[in-house]
Amino acid sequence: MTAHPQDDALAAFLEENWERAPGTARHAHPDGAAPARSAPDGDAALLFAALTAAAANFRRGDPRAEFVLWIDGKETEPAPALLPEIGDGDLEGYLARMQSALRGADFTLLVSNPHLHDARFWMRARRLARRVLKVVGAPNGGLDTSAFLGCYRQTPFGVHRGQMSVLTAPVLGEKRFLLWPYAYGCDHRDIQDSLSYDRHRGAALTATAGPGDLLYWPSDYWHVAEASPAPTAAWNIGLWWDRSALMRAANALLGAARAVDRGRRRERFATAPEGGADPFSLGLADLRKIAADDALDDAVRIEWLRFSSADGFRDAPALATAMKPTAKTPARAAMKGAILFERLGGGEFCVAANGHAEIFERLSKEDMSRLSGLARGETVDAGDPSSRLTGFLWRAGALEGAGAS
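So the sequence shown is numbered by our numbering: it starts at 19 and just counts up by one.
Given below as structure tokens:
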């Protein structure tokens with residue numbers, strides 16, 4: 019990954035503040051300061067592209083395109099006409115249209131996981147995440163993204179908290195947050211989910227950020243955003259602490275147990291016949307056998323490779339339904355470290371790419387050489403696009419065309 023002059027400053031900020039105190043890393047994210055109209059690769063332009071793609075997917079009924087809209091503080095059905103459109107031109111154009119359509123009413127739009135809907139924004143989110151994870155490590159619960167935009171005076175659902183650390187990158191306007199430690203909210207329960215918190219202002223920490231800055235708060239901090247009714251837009255990366263390594267392994271064990279259970283006749287009786295072993299103990303013995311099976315080791319390893327190939331993001335964009343190339347072409351990894359492969363205990367190979375994983379009974383020497391080169395960031399002959407391996411890598415968005423080196 020290319021080093022940025024801001025990396026050292028961001029690393030110092032994270033080392034001082036991570037899971038200790040909220041704060042703002044000034045000028046730590048220059049991509050966030052670039053206006054959409056003059057910088058097509060800046061955050062503002064990429065976020066707008068992701069939001070319009072998400073809105074198009076929402077109109078098609080895609081369940082992963084999730085929008086929540088509040089008008090004058092009341093949650094409202096997100097009508098398609100009130101979502102971003104390519105014709106808006108940019109974020110400012112969309113927000114101006116909404117101000118006109120709603121006749122100046124306050125409004126807030128929350129978009130879940132915009133990175134699922136646009137490949138370039140997905141790469142932007144991962145590049146920023148890598149700068150952070152290099153310092154703090156990836157959380158077992160994984161990462162996600164969200165976006166807040168609108169013209170509103172305060173977060174419409176009041177003071178709240180979440181089981182994740184949050185980095186906010188404003189792209190339009192200034193974001194201002196009031197924040198309280200977890201214990202304060204426990205001691206003052208009237209603040210929880212409240213829109214009336216004036217008497218608690220004196221105890222709040224205040225953090226502000228504008229385009230190009232990164233605003234951070236630790237997990238479980240109570241917080242609320244405040245602003246003038248001027249247009250604002252920002253996107254977030256959440257680093258979740260809701261899943262431990264133990265529970266992720268336990269979920270793999272549970273999945274393996276369910277697979278075994280589906281292949282059996284259902285036991286109907288929970289009491290043992292006279293002189294027989296109780297069925298719960300027999301079930302525990304079965305569970306121990308499953309836990310000792312190499313297949314469980316493989317299942318955990320596959321999940322780890324998938325997780326790592328996505329830089330820890332909880333969800334990845336769906337596999338493409340069609341491949342870009344129709345013939346052999348030189349290619350390289352779209353992002354170094356996004357293609358991983360490993361031989362499993364049963365002799366098969368797991369290939370993970372951009373948060374997806376597939377199992378191959380065998381890989382040829384040419385396949386192994388190609389994967390090794392891609393993992394090193396080299397330009398390689400991507401192989402026949404109709405082959406299962408090459409097709410998977412293209413559909414996962416893990417390859418990009420490159421001139422022959």
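Backbone N, C-alpha and C fix where the C-beta goes; we use that ideal spot for every residue, glycine too. Quick caveat, the model's predicted, so the values are computed rather than measured.
Q.
Quick test of the definition: if touching needs 3 or more C-beta pairs under 8 Å, does the region 236-254 touch the region 270-284?
A. no
Q. With 16 as the cutoff for other CB atoms within 10 Å, does K383 come out buried or exposed?
A. Flag for K383 reads exposed.
Q: Just mark K193 as buried or exposed, buried being the case when its beta carbon has 16 or more other beta carbons within 10 Å.
A: buried
Q: Scan the region 184-215 and note each continuous beta strand (DSSP E) run of 3 residues or more that stays entirely inside, going in chain order.
A: List check, beta strand (DSSP E) in window: 193-198.
Q. Quick one: Cα of N35 to Cα of F325, how far?
A. 26 Å
Q: Inspect the beta-carbon positions of D25 and R144 and report whether they are closer than 8 Å.
A: no
Q: Report the rounded CA-to-CA distance for R441 versus D80, giving the unit in angstroms.
A: Past the boundaries of the shown model lies residue 441; the chain is included only from 19 to 423, so the question cannot be answered.
(Q) Going by DSSP in three states, Q172 sits in which element: helix, strand or coil? (A) strand
Q | N-terminal and C-terminal residue of the alpha helix (DSSP H) that V154 is part of | A | Here the alpha helix (DSSP H) through V154 covers A137 to V154.
Q) Where W322 and G220 are concerned, what is the direct C-alpha to C-alpha distance, given to the nearest angstrom? A) 45 Å
Q: Please classify T42: does DSSP put it in a helix, a strand, or coil?
A: strand
Q: Starting from R388, trace the alpha helix (DSSP H) both ways and give me its first and last residue.
A: K383 to A393
Q | Classification of S183 by the beta-carbon crowding that lies within 10 angstroms, buried from 16 upward | A | buried
Q: Return the CA-CA distance between A268 and L185, expressed in angstroms with no decimal places.
A: 29 Å
Q. Rounded to the nearest angstrom, how far is the Cβ of A371 from that of A414, given a contact under 8 Å?
A. 4 Å
Q: Please report how far the alpha carbon of A263 lies from the alpha carbon of W235, in whole angstroms.
A: 23 Å
Q) Starting from L127 and walking both ways along the beta strand (DSSP E), at which residues does that stretch end? A) F125 to S130
Q. With distances taken from CA atoms, which of E366, L128 and E37 is nearest V154?
A. Answer by Cα proximity: E37.
Q. So, is P58 buried or exposed, given that buried needs 16 or more other C-beta atoms within 10 angstroms?
A. Per the 10 Å Cβ criterion, exposed.
Q. Out of curiosity, what's the CA-to-CA distance linking D211 and D312?
A. 47 Å
Q. Taking C-beta to C-beta, are G168 and F125 nearer than 8 Å?
A. yes
Q: Using the DSSP secondary-structure output, state which residues sit across from M182 in a beta bridge.
A: W258
(Q) So the candidates are D260, M141, G230 and G409; which of them puts its Cα closest to the Cα of G180? (A) Nearest option by C-alpha distance: D260.
Q. Should the region 189-209 be called in touch with the region 242-250, which here means at least 3 C-beta pairs below 8 Å?
A. yes
Q) In this structure, what does DSSP give as the bridge partners for F367? A) F367 is bridged to R361 and F378.
Q: Put S177 into one of helix, strand or coil per three-state DSSP.
A: Before going on, a small fix: residue 177 reads as Val here, not Ser. Reduced to three states, the DSSP call for V177 is coil.
Q: Give, in chain order, every unbroken run of the beta strand (DSSP E) that is at least 3 residues long and sits entirely within the region 50-122.
A: For the region 50-122, whole beta strand (DSSP E) runs of length 3 or above, ordered along the chain, are 84-89 and 92-94.
**Q.** Backbone secondary structure at L337 - three-state DSSP
**A.** The three-state secondary structure of L337, taken from DSSP, is coil.
Q.
Taking its Cβ as the centre, do 16 or more other Cβ atoms sit within 10 Å of I7, making it buried, or is it exposed?
A. Beyond the ends of the chain as shown, which are 19 and 423, falls residue 7; an answer cannot be given.
(Q) Under 8 Å: do the region 123-142 and the region 330-341 share three or more Cβ pairs, one atom per stretch? (A) Output reads yes: the region 330-341 touches the region 123-142.
Q: Please look up how many angstroms separate the CB atoms of D136 and A71, rounded, as I've assumed it's under 8 Å.
A: 5 Å
Q | alpha helix (DSSP H) segment containing W412, residue limits | A | R406 to R413
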